[in-house]
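Numbering (my numbering), first residue to last: 395 to 636.
No residue lacks a Cβ here, since even glycine has one placed at the ideal position from N, Cα and C.
Remember, predicted model here, so these are calculated numbers, not experimental data.
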Amino acid sequence: MESSSPSYLNPGKASAELIGAARGGDLVATLLARLWTPKVKKRKMPCSLPGQRGLTIAKLIYSAITSLDGYVADEDGNFDWAAPDEEVHAFVNDLERKVGTYLYGRRMYEVMHYWETAQAVTDQPPVMRDYAQIWQAADKIVYSKTLETTSSARTRIERGFDPVAVRRMKAQAERDISVGGPDLAAQALEAGLVDECHLFFAPIVVGGGKRSLPKSVRLKLELLDERHFEGGVVHLHYRIRT
Ligand SMILES: NC(=O)c1ccc[n+]([C@@H]2O[C@H](COP(=O)([O-])OP(=O)(O)OC[C@H]3O[C@@H](n4cnc5c(N)ncnc54)[C@H](OP(=O)(O)O)[C@@H]3O)[C@@H](O)[C@H]2O)c1
């Protein structure tokens, strides 16, 4: 069925117009069509399987809300300053909608477990109810040597972080996988398993605490996207270059 959208919303249609106009020798139409053809920058698919163009595997993504000096929690363990406002929350929701499985360190899981409760779903702004539903719909794997049980649905405990098992999980997953907090993410980064990072810099310097990125790892990054929010948060989306 032919699309009725204007050509500037439909690069394929614009190209067909360009070819048709060129064949008819109408130079003005050719130039107009060329002007209206949006420049679509195609990004390389970072996770294509070798020798199988177009076939992609799930990405492992590390996301964190961090102070400008790089801490997810200050020296007293506080991170109330990192609480996202509605605009940031809605943006995070849209990112996390694509996540099928969360890999959590035990500490991060204990914070995120809040979203399992009914309290998170009722009497909350729509953006929080939305996030609660996203969180509840995803699978969770909690890494811990101490945790005996979990009380959230779709959750299992792993006693150790096995890079081979995570690599296999990535190869088999149909949706992206997320890793957090920083202690667990450091192991995934060290093992070269992380494909992308979403870092949200809150407009605050806390002087010390829990680092969002490990000391021991050196990474080359490609900036894929950036966004500024009204409240002063800046989001940087990076691909990790291999
Ligand atoms: N900025 C924000 O928006 C934000 C949001 C939420 C939380 N936070 C803060 O983020 C921080 C998270 O800290 P974190 O990096 O220490 O936590 P984490 O990575 O979430 O959890 C660390 C724990 O995960 C388990 N673990 C890690 N590696 C393991 C392995 N190889 N095998 C088995 N278990 C493993 C261990 O649990 P066991 O001790 O049980 O073995 C370890 O103590 C906290 O301070 C939290 O308050 C910040």
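query	result
Close Cβ partners of glycine 494 (< 8 Å) along its chain, the five nearest in sequence each way excluded	Ala452, Ala532, Asp533, Ala567, Glu568, Arg569, Asp570 and Ile571
Proximity test, threonine 540 beta-carbon vs ligand 1 heavy atom, cut-off 6 Å	yes
Distance between alanine 585 and glutamate 616 (C-alpha atoms, nearest Å)	19 Å
Given 8 Å, three or more beta-carbon pairs between the region 605-623 and the region 489-506	no
Glycine 626 Cβ short of 6 Å to ligand 1 heavy atom set	no
Given methionine 563 as reference, the closest of Trp529, Leu587, Tyr525 and Leu630 once Cα atoms are compared	Leu587
Cβ-based neighbour list, glutamine 518, same chain, cut-off 8 Å, excluding 5 preceding and 5 following	Ala526
Coarse secondary structure for alanine 484, derived from DSSP in three states	helix
Meets three-Cβ-pair contact criterion under 8 Å: the region 481-492 and the region 553-562	no
Backbone CA spacing between asparagine 472 and lysine 604 [nearest angstrom]	10 Å
As assigned by DSSP and simplified to three states, the class of valine 390	Any answer about residue 390 is impossible in this case: the structure gives the chain only from 395 up to 636.
Alpha helix (DSSP H) segment containing glutamate 584, residue limits	576-584
Heavy atom of ligand 1 within 6 Å of isoleucine 459 beta-carbon	yes
Sub-7 Å separation of threonine 502 and glycine 575 beta-carbons	According to the sequence provided, residue 502 is methionine. The question's threonine does not apply to it. Yes, these two residues count as a Cβ contact at 7 Å.
Spatial distance of aspartate 524 from glutamate 469 (CA atoms)	31 Å
As assigned by DSSP and simplified to three states, the class of isoleucine 451	coil
Opening and closing residue of the beta strand (DSSP E) in which arginine 550 lies	549-552
Counterpart residues of histidine 629 in DSSP-defined beta bridges	Phe594 and Arg621
Limits of the beta strand (DSSP E) - the one that tyrosine 508 falls within	Taken as a continuous stretch (DSSP letters only), tyrosine 508 belongs to no beta strand (DSSP E), as it is neither H nor E.
Rounded straight-line distance, which links the Cα of leucine 462 to that of glycine 625	14 Å
Per-residue DSSP class, three states only, for alanine 532	coil
Helix, strand or coil at lysine 604 [DSSP, three-state]	strand
Reduced DSSP category for valine 493 - H, G, I as helix; E, B as strand; rest coil	strand
Extent of the continuous alpha helix (DSSP H) run through alanine 559	557-566
Terminal residues of the beta strand (DSSP E) in which alanine 477 lies	Per DSSP, alanine 477 belongs to no beta strand (DSSP E) and is neither H nor E.
Three-state secondary structure (DSSP) of glutamate 616	strand
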